[in-house]
Amino acid sequence: MQLIEVLGFPLPRISLARYLKLIKHLQRATLLKQSQDFHSLRLIVSMAVWRPLLWGAVTLLFFTCLFSLLFAQLVTDWLAAEGHQTADPALLANLEDYYGT
0 MQLIEVLGFP LPRISLARYL KLIKHLQRAT LLKQSQDFHS LRLIVSMAVW RPLLWGAVTL
60 LFFTCLFSLL FAQLVTDWLA AEGHQTADPA LLANLEDYYG T
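Residue numbers (numbering that gives the first Met the number 0): 0 to 100.
The structure is reproduced here in structure tokens:
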């Protein structure tokens with residue numbers, strides 16, 4: 000009561016309960032406005048958004064592994080078919096370092 004008198008609110012017309020009710024409504028309005036501002040954040044956190052992203056990452060990883068296995072097999076087959084006799088010696092050294100055993 001004394002705080003309201005110090006702040007200078009007109010007490011004869013509005014009671015303390017009405018001030019508290021007004022503050023409560025202002026807080027609700029502020030929360031409502033903030034919840035509308037965080038619509039994009041709620042969308043990012045939603046599982047419906049993450050599921051396709053996760054499957055896309057798994058698919059990308061799968062195709063990367065598949066391509067690397069195919070490439071390594073092609074290099075191995077090329078070396079086994081005596082194709083290395085026509086290649087540059089520096090190229091052969093690099094192939095052995097990176098892909099051969």
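Built from N, CA and C at the ideal position, the CB exists for glycine as well. Here the structure is a predicted model, which means the values were calculated and not measured.
Three-state secondary structure (DSSP) at residue i?
i	result
Ala92	helix
Tyr98	coil
Ser14	coil
From residue i to residue j, what does the alpha carbon distance come to, in whole angstroms?
i	j	result
Arg41	Ser14	39 Å
Met46	Phe61	22 Å
Ala92	Leu65	25 Å
Trp77	Thr85	11 Å
Phe37	Val48	16 Å
Leu52	Val44	12 Å
Lys20	Arg50	44 Å
Arg17	Ser39	35 Å
Thr75	Thr63	18 Å
Leu108	Glu95	Limits of the chain in this structure are 0 at one end and 100 at the other, which puts residue 108 out of reach.
Between residue i and residue j, which are expected to be in contact by the criterion C-beta below 8 Å, what is the C-beta distance as a whole number of angstroms?
i	j	result
Tyr98	Ala71	6 Å
* Enumerated in chain order, which unbroken segments of the alpha helix (DSSP H) with a length of 4 residues or greater are wholly contained in the region 45 to 85? -> Unbroken alpha helix (DSSP H) stretches of 4 residues or longer found wholly inside the region 45 to 85: 46 to 79, given in chain order.
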